[in-house]
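*Asks:*
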Amino acid sequence: MVHVQFNSELLGSLKDKVVVLTGGATGIGRSAVIQFAEAGCKVVFGDISEEPARELESQLGPNVRFLFCDTASYSDQLQLFAAADSIFGSIDVVVANAGMAIHKDIFEASSDITIEPSMKEVAVNLTGAIFTARIGMHYLRKNKSKSGGKGDLVLVSSIAGFKESGGLATYTASKHGVLGLMRGLHTTAFPEGIRINVICPWMTKTRLVKGIEQGWHDLGLPENEPEDVARSIVLCATANRGTDEKIHPGAKMPFAGKILWISGGQAYEIEDAIQALEPQWLGEENSKTLAKGQHYLATQGTSWDADKLKAKKVNGR
Ligand SMILES: NC(=O)c1ccc[n+]([C@@H]2O[C@H](COP(=O)([O-])OP(=O)(O)OC[C@H]3O[C@@H](n4cnc5c(N)ncnc54)[C@H](O)[C@@H]3O)[C@@H](O)[C@H]2O)c1
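Reading the sequence shown from the start, the letters are residues 712 to 1028 in my numbering.
1) Can you round the beta-carbon distance between N836 and A743 to whole angstroms, since I take them to be within the 8 Å contact cut?
2) Would you kindly work out how many angstroms separate the C-alpha atoms of L988 and L890, rounded to a whole number?
3) In the structure shown, what three-state DSSP assignment does F717 receive?
4) Is the beta carbon of L791 closer than 8 Å to that of V865?
5) Is V738 near ligand 1, in the sense that its beta carbon is under 7 Å from a heavy atom of that ligand?
6) Assuming H959 and Q716 are in contact, meaning their beta carbons sit under 8 Å apart, how far apart are those beta carbons, in whole angstroms?
7) Hey, would you say S974 sits closer than 8 Å to W913, going by beta carbons?
8) If contact is defined by three or more beta carbon pairs under 8 Å, each pair taking one atom from either stretch, is the region 745-764 in contact with the region 722-729?
9) Tell me whether V835, by its Cβ, gets closer than 7 Å to a heavy atom of ligand 1.
10) Answer yes or no: the CB of C780 versus the heavy atoms of ligand 1, is any distance below 7 Å?
11) Measure the alpha-carbon distance for A844 versus S1014 and round it to whole angstroms.
12) G757: beta carbon under 7 Å from a heavy atom of ligand 1?
13) Just the Cα atoms here: how many angstroms apart are Y785 and A794?
14) In chain order, what residues of the same chain have a beta carbon less than 7 Å from the beta carbon of H714, not counting five sequence neighbours either side?
15) So what does Q790 bridge to, in DSSP terms?
16) Does ligand 1 have a heavy atom nearer than 7 Å to the CB of P912?
17) Could you name the residues of the same chain whose beta carbon sits closer than 6 Å to that of G757, not counting the 5 residues immediately before and after it, in chain order?
18) Measure the CB-CB distance between I798 and A941 and report whether it falls below 8 Å.
19) Using 8 Å as the cut-off, can you tell me whether the region 810-830 makes contact with the region 867-882, which would need three or more C-beta pairs spanning the two stretches below that distance?
20) What are the partner residues of W972, as DSSP defines its beta bridges?
21) Using DSSP with H/G/I as helix, E/B as strand and the rest coil, what is K753?
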């Protein structure tokens, strides 16, 4: 793990950049909208919670726009991005933050299995993030490669993205999926100039954690303010934009394919250590063989797509 500290000197790199963010009405997303706006960004945010969103929009002025957008709806997300592109001319930073948890455990022994359970957590937290990534990358690709990069995609997962979380199995599956989305995209997105990073907040004082907040506090466990997690989103959006060698202290560059665990207001990068320690947890031989397979998949002109393979053969490549 590496402690990554926020260098506010990098905030200047966001001036006039255009940010699209999902779930910006309350909590972490709301703080992120405010921090991006204060850094001079133009922000378009979506949410289903209209009242606090409209209030935030009018508080922050004409550079911040709200559009109703159910993140689980592909057409809503298409409209959100199209609006941002048409109002502000381009999109530089995309944040998939919208999320929700259902606190009734569908796996409880006493629950009635004849009633189909809601899969809304998967639809919002995972399907929604996939939609944001797909449409967002389309717009990021349109940018002229400025200093080697086209833009940033920041995905908000959770501590439940990599740890056991009893009583929240569906939420946990959806948030593990968000790490999977980064790992599935990063190796091909990075050569295109798109940096994808993931935020995994631990307990953050928003309405999502009302049920556990008091007991947590009584035990003296570390807490995040929504502003702390929002700052880590801004950290990811600025990490690769520094000039004069300016970086966020601790950030291993290029800052892409990283996972930031946020605890007690601080950001810790954990993905590099997970990758580096693979020979320990997978075994040295297994790790070597796996590397060969990964190398083949990444470099030998192969494809999972049978049509692409056929086209390659026809073209003699
Ligand atoms: N609070 C925590 O401790 C914690 C921990 C780990 C991860 N997270 C994640 O952080 C993100 C932000 O959560 P938060 O803690 O600020 O909670 P929050 O409830 O204050 O914010 C979530 C936002 O997403 C919006 N939203 C919900 N469903 C939506 C939908 N279908 N379409 C569009 N917007 C929708 C909500 O209206 C709200 O504005 C979520 O992805 C959450 O899973 C939070």
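No residue lacks a Cβ here, since even glycine has one placed at the ideal position from N, Cα and C. What you are looking at is a predicted structure, and each value in this text was computed from that prediction instead of being measured.
*Replies:* Looking at the coordinates:
1) Between N836 and A743 a beta carbon distance of about 17 Å is seen, past the 8 Å cut, so the two are scored as non-contacting.
2) Spanning the alpha carbons of L988 and L890 requires a straight line of approximately 18 Å.
3) The DSSP-derived three-state label of F717 is coil.
4) It is not a contact, given that the beta carbons lie outside the stated cut-off.
5) Here residue 738 is Gly; the residue named in the question, Val, does not match the sequence. G738: yes, Cβ under 7 Å from ligand 1.
6) Confirmed, about 6 Å.
7) Their beta carbons are under 8 Å apart, which means S974 touches W913 by this criterion.
8) Touching, yes.
9) Yes, Cβ of V835 sits closer than 7 Å to a heavy atom of ligand 1.
10) The answer is yes for C780.
11) Their Cα atoms are separated by approximately 21 Å.
12) Yes, since a heavy atom of ligand 1 falls inside the 7 Å radius drawn around the Cβ of G757.
13) C-alpha separation (whole angstroms): 14 Å.
14) Counting only Cβ-Cβ distances below 7 Å, and skipping sequence neighbours, we find G961, Q977 and Y979.
15) For Q790, no pairing in a beta bridge is given by DSSP.
16) Taking non-hydrogen atoms of ligand 1 into account, the C-beta of P912 is found less than 7 Å away from one of them.
17) These residues qualify, in order along the chain: T733, L778, C780 and L791.
18) If you check the CB distance, I798 and A941 do not come in under 8 Å.
19) At 8 Å Cβ cutoff, the stretches touch.
20) Partner(s): C911 and Y979.
21) The answer is strand: DSSP assigns K753 an E or B state.
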